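Asker: Below you'll find the structure I mean.
There are 4 protein chains.
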Amino acid sequence: MRANKTPTEQVRRAQIVAAAIEVIARDGVAQASFKVIAEQAGLSSTGLISYHFAGKQDLIDEVGREILARFTEFVLDRTDGVEEPTAVLRGFIAANVDFLRTHRNHASTLVRIKNDLATVDLARSDQAALAAVLRQGQNSGVLRAFDPHLMAVFVLSIRDGLIRQLDLDPELDLDAATREFTTLVDLATRRT
Amino acid sequence: MRANKTPTEQVRRAQIVAAAIEVIARDGVAQASFKVIAEQAGLSSTGLISYHFAGKQDLIDEVGREILARFTEFVLDRTDGVEEPTAVLRGFIAANVDFLRTHRNHASTLVRIKNDLATVDLARSDQAALAAVLRQGQNSGVLRAFDPHLMAVFVLSIRDGLIRQLDLDPELDLDAATREFTTLVDLATRRT
Amino acid sequence: MRANKTPTEQVRRAQIVAAAIEVIARDGVAQASFKVIAEQAGLSSTGLISYHFAGKQDLIDEVGREILARFTEFVLDRTDGVEEPTAVLRGFIAANVDFLRTHRNHASTLVRIKNDLATVDLARSDQAALAAVLRQGQNSGVLRAFDPHLMAVFVLSIRDGLIRQLDLDPELDLDAATREFTTLVDLATRRT
Amino acid sequence: MRANKTPTEQVRRAQIVAAAIEVIARDGVAQASFKVIAEQAGLSSTGLISYHFAGKQDLIDEVGREILARFTEFVLDRTDGVEEPTAVLRGFIAANVDFLRTHRNHASTLVRIKNDLATVDLARSDQAALAAVLRQGQNSGVLRAFDPHLMAVFVLSIRDGLIRQLDLDPELDLDAATREFTTLVDLATRRT
DNA sequence: CATGAATGAGGATTCATTCAT
DNA sequence: CATGAATGAATCCTCATTCAT
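Protein chains in written order, with this note's numbering: chain A, 1 to 192; chain B, 193 to 384; chain C, 385 to 576; chain D, 577 to 768.
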């Protein structure tokens, strides 16, 4: 509709997105009706959601965009300045697991809506970024030869699987998981 | 209600389950209404689904049970008789990828409903079986020390991630993916 | 359909009617679906009910007929041979309350389906019989002048109200209720 | 949800309740589907009923509450200011019968839904109020000794029976019925 | 912008009934 | 006669969306 969003609009959208993340993490996508999201957000009407979003798909997409933005920002913060490729890789994994720890709802919601995202490109950008890191490691000679994109898919699949496993088993030892995860990627990628 | 199902009942349930698998693989869980499933199955009314299943959850669970049964059977067929642990592992991965190839709808539906299954135990039995294989490899000395259950979670996460990736990118080279997947697991698990 | 019922047919109908009485007394008319009644009767199919009854209304009517027949028979047994009008009246009330005691399900079901009976005449025959007794009492001079039919309606209303009250309050003292009921009718009808 | 209802909400609820009363009085509880009630109320869809009521039971309960409120108000208007217990009693009966006359649908609906009311307490409050009047009459010495609560049950049962009889026989002479009813209660309760 | 009432399509499920075996 | 599978209309209810205020 409108190209530019007013500040109020942005605040409202953010508020609704935050509520949606909570609800989806707690109850699942199927139960995340506008009614429940509005209640979670403390809104008095579901109409307000429809007013600020073009439709349910738009809201879901915004939720995905928001989570991926925070996720990316979080990971970049943790790996910024690191040069050595294997260190970047280890930092990447550690940052990913740390994000689950500190933003469990975001993480849980992300894997739950991945199938429903209209803009698949968002998810792909993740893969592309990691693939670039891997390729760089190969070029610098510390990583062995493999398909960087496929390896990125594998690594991110493990991360997502970890999030799902954490939903099933909240008692999971994340420190141990991080170590095993790091070791696995190290062994699987480094030049022997 | 009844402990034993009549043959007619079994056939109808199987027919409905098959239709549900098609629909979920094609349109997603959210779009898999009784109406669409009934049409896919060529049934005269949605009432027939309710007649044969206690509810939607019951149908979803049966779908999960059916897919996992076929999946397990398929993988066991391919790995039966193999003794050497690393060979079992390679066979396991190859069989898993082959299943995606030959039963893409089953695979796609499985990852889509995993979150919705009431009986999570089904999914867990997968993990337990693979963990047992890994533990055996450790005991026989060919695999290095790691947490077998966590490693099973990782391996199966990659498999599931591959299924999702295949939904996003149907042109994915599965042969190459199998090779990379096998190499990754080999490097990550074998004793150096 | 058929004019004459075979013995088997009669037995089946009676069995279904008995089950319906149990279900309606326990769960109410609204919950008395063919499915529940069939389960209560130990039948394997609701089709059997449809086979033996022209429709749900037919079943309800048969239930009403059956209960009223037993009720009438029960009351007549207890008042047979009594001549003196006030004694008949007292016996009538005592018999009615005794019926509640010994056939609570029948009684409860009767008041629950009264609104739904197609053949209202059944309920009316009750009123007519009691009105006749009252008229006889007036003719013999022991009862005062009043509209016999209205008085019959009143007395039977109290009886039905007692059944409903018993459903609400199972601890109700029926002996005390019988005494109060008898006294009320005595005072209200006898010639001063 | 909300503690206070908006005026619009109150109006709509009242409109739906009024329609439900009409439908139940005309067709019975079993036929009173949301569809029929919505048509009676001139609503565009049954969804509007669900929007304003938590469920069918909520609507039924509101119907009961509404009728009893009007009934109580009506009777209190007619007996207010009367002191002498027997006069109160006569006034109570007259007011009850007058209510049937002027609010036949309300009365008819009330007896039809009495079994279905979730909040039985509503019906009981009626009994308690009448029992209090009777007890007062006993204390002042004009009424004989009897169980006030049981007598209240009896009197209200007659009233309800009268409503049912009026449904069966619309030609019933209500004036005569009032006289007989009043006489009965007078004879049954006064000290001799 | 926000509200909440209204809309109507679509959801799963229950129902009495029919019918082939 | 009995069975149980099938039918399809009808049930209540939820949903995202619209709109007047």
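Positions of the beta carbon are idealized from the N, C-alpha and C atoms, including for glycine.
Being a predicted model, the structure only gives us computed values, none of them experimental.
Check whether the segment 446 to 456 of chain C touches the segment 519 to 532 of chain C, counting contact only when three or more Cβ pairs, one atom from each stretch, lie closer than 8 Å.
Answerer: No, the segment 446 to 456 of chain C does not touch the segment 519 to 532 of chain C.
Asker: Hey, is the segment 220 to 233 of chain B in contact with the segment 205 to 212 of chain B, meaning 3+ C-beta pairs nearer than 8 Å?
Answerer: Result yes; three or more Cβ-Cβ pairs closer than 8 Å.
Asker: Kindly confirm or deny that the segment 274 to 286 of chain B and the segment 304 to 315 of chain B touch, where touching means at least three C-beta pairs closer than 8 Å.
Answerer: No, because fewer than three Cβ pairs between the segment 274 to 286 of chain B and the segment 304 to 315 of chain B fall closer than 8 Å, the two stretches do not touch.
Asker: Helix, strand or coil: which one does DSSP assign to R13/A?
Answerer: Helix at R13/A.
Asker: Residues in the segment 581 to 609 of chain D with C-beta within 9 Å of chain C's C-beta atoms, listed in sequence order?
Answerer: Going along the segment 581 to 609 of chain D in chain order, one finds G604, V605 and A606 with a Cβ nearer than 9 Å to chain C.
Asker: Beta carbons nearer than 8 Å to chain B: which residues of the segment 105 to 130 of chain A have them?
Answerer: Cβ contacts with chain B: R112, K114, N115, D116, V120, A123 and R124.
Asker: Rounded to a whole number of angstroms, what is the C-alpha to C-alpha distance between E555/C and L738/D?
Answerer: Rounded to the nearest angstrom, the two C-alpha atoms are 27 Å apart.
Asker: When you compare only the Cα positions, how much space is there between F346/B and L619/D?
Answerer: Roughly 56 Å separates the two Cα atoms.
Asker: In chain order, what residues of the same chain have a beta carbon less than 7 Å from the beta carbon of Y435/C, not counting five sequence neighbours either side?
Answerer: So no residue of the chain qualifies.
Asker: Among D697/D, A721/D, D751/D and G623/D, whose alpha-carbon lies nearest the alpha-carbon of E676/D?
Answerer: Note on identity: in this sequence residue 676/D is Leu, with Glu being the wrong assignment. When only C-alpha atoms are compared, the closest one is D751/D.
Asker: Taking the C-alpha atoms as reference points, what is the distance between D219/B and L48/A?
Answerer: Rounded to the nearest angstrom, the two C-alpha atoms are 29 Å apart.
Asker: How is A387/C classed by DSSP in three states: helix, strand or coil?
Answerer: Confidence is the limiting factor: at A387/C the pLDDT is only 49, short of 50, which leaves the residue's position unreliable, though a coordinate-based value still follows. Three-state result, A387/C: coil.
Asker: Name the DSSP beta bridge partners of R122/A, please?
Answerer: The amino acid occupying residue 122/A in the given sequence is Leu; Arg does not appear at that position. Note: L122/A sits in no beta bridge, so no partner.
Asker: Between which two residues does the alpha helix (DSSP H) carrying L644/D extend?
Answerer: K632 to T655 is the span of the alpha helix (DSSP H), which, as asked, contains L644/D.
Asker: Given a threshold of 16 other Cβ atoms within 10 Å of its Cβ, counted over all protein chains shown, does L277/B qualify as buried or as exposed?
Answerer: Looking at the sequence provided, one finds Pro at residue 277/B rather than Leu. Buried, because 16 or more other Cβ atoms sit within 10 Å of the Cβ of P277/B.
Asker: Roughly how many whole angstroms lie between the Cα atoms of R70/A and T584/D?
Answerer: Going from the Cα of R70/A to the Cα of T584/D covers about 44 Å.
Asker: Spell out whether any CB of chain B is found under 8 Å from the CB atom of F53/A.
Answerer: Not closer than 8 Å to any Cβ of chain B, the Cβ of F53/A fails to qualify, so no.
Asker: Is any beta-carbon of chain B found at less than 8 Å from that of I60/A?
Answerer: No, because no Cβ of chain B sits closer than 8 Å to the Cβ of I60/A.
Asker: Determine, using beta carbons only, whether E756/D comes closer than 8 Å to chain C.
Answerer: At least one chain C Cβ lies under 8 Å of E756/D.
Asker: Can you tell me whether T768/D is buried or exposed, with buried defined as 16 or more other CB within 10 angstroms of its CB?
Answerer: By the neighbour-count rule (16 or more Cβ atoms within 10 Å), T768/D is not buried but exposed.
Asker: Which residues share a DSSP beta bridge with R382/B?
Answerer: BP columns for R382/B point to L335/B.
Asker: Checking 8 Å against the spacing of the C-beta atoms, do D743/D and V605/D come in under that value?
Answerer: No.
Asker: Step through the CB atoms of chain A and report whether any lies within less than 8 Å of the CB of A369/B.
Answerer: Closer than 8 Å: yes.
Asker: Determine the DSSP secondary structure at G329/B, reduced to helix, strand or coil.
Answerer: If DSSP states are grouped into helix, strand and coil, G329/B belongs with the helices.
Asker: Under the three-state reduction of DSSP, which class applies to F373/B: helix, strand or coil?
Answerer: Reduced to three states, the DSSP call for F373/B is helix.
Asker: Kindly indicate which three-state DSSP category L556/C falls into: helix, strand or coil?
Answerer: Residue state, collapsed to three classes: coil.
Asker: For a cutoff of 8 Å on Cβ pairs, would you count L89/A as touching chain B?
Answerer: No, its Cβ sits nowhere closer than 8 Å to a Cβ of chain B.
Asker: Kindly indicate which residue of T182/A, A132/A and H149/A has the alpha-carbon position closest to the one of D339/B.
Answerer: That would be T182/A, whose Cα lies nearest to the Cα of D339/B.
Asker: In three-state terms, what does DSSP make of Q223/B?
Answerer: Three-state DSSP puts Q223/B in coil, outside helix and strand.
Asker: By alpha-carbon positions, which one of R548/C, L506/C, D553/C and L534/C ends up nearest to T573/C?
Answerer: That would be L534/C, whose Cα lies nearest to the Cα of T573/C.
Asker: Whole angstroms is fine: what's the gap from L379/B's alpha carbon to R144/A's?
Answerer: Straight-line Cα distance between these residues: approximately 11 Å.
Asker: To the nearest angstrom, how far is the alpha carbon of A287/B from that of A132/A?
Answerer: If you take the alpha carbons of A287/B and A132/A, they lie about 30 Å apart.
Asker: Assuming D482/C is part of the alpha helix (DSSP H), what are its boundary residues?
Answerer: Segment P469 to T486, the alpha helix (DSSP H) holding D482/C.
Asker: For L184/A, which residues of its own chain have a beta-carbon under 8 Å away from its beta-carbon, when the five flanking residues on both sides are left out?
Answerer: If we look at L184/A and ignore the five residues flanking it on each side, its Cβ neighbours are I158.
Asker: Is the Cβ-Cβ distance between S684/D and A630/D less than 8 Å?
Answerer: Cβ distance not < 8 Å, so S684/D and A630/D don't count as in contact.
Asker: Suppose you measure from the CA of S509/C to the CA of D442/C; what does that come to, to the nearest Å?
Answerer: Rounded to the nearest angstrom, the two C-alpha atoms are 19 Å apart.
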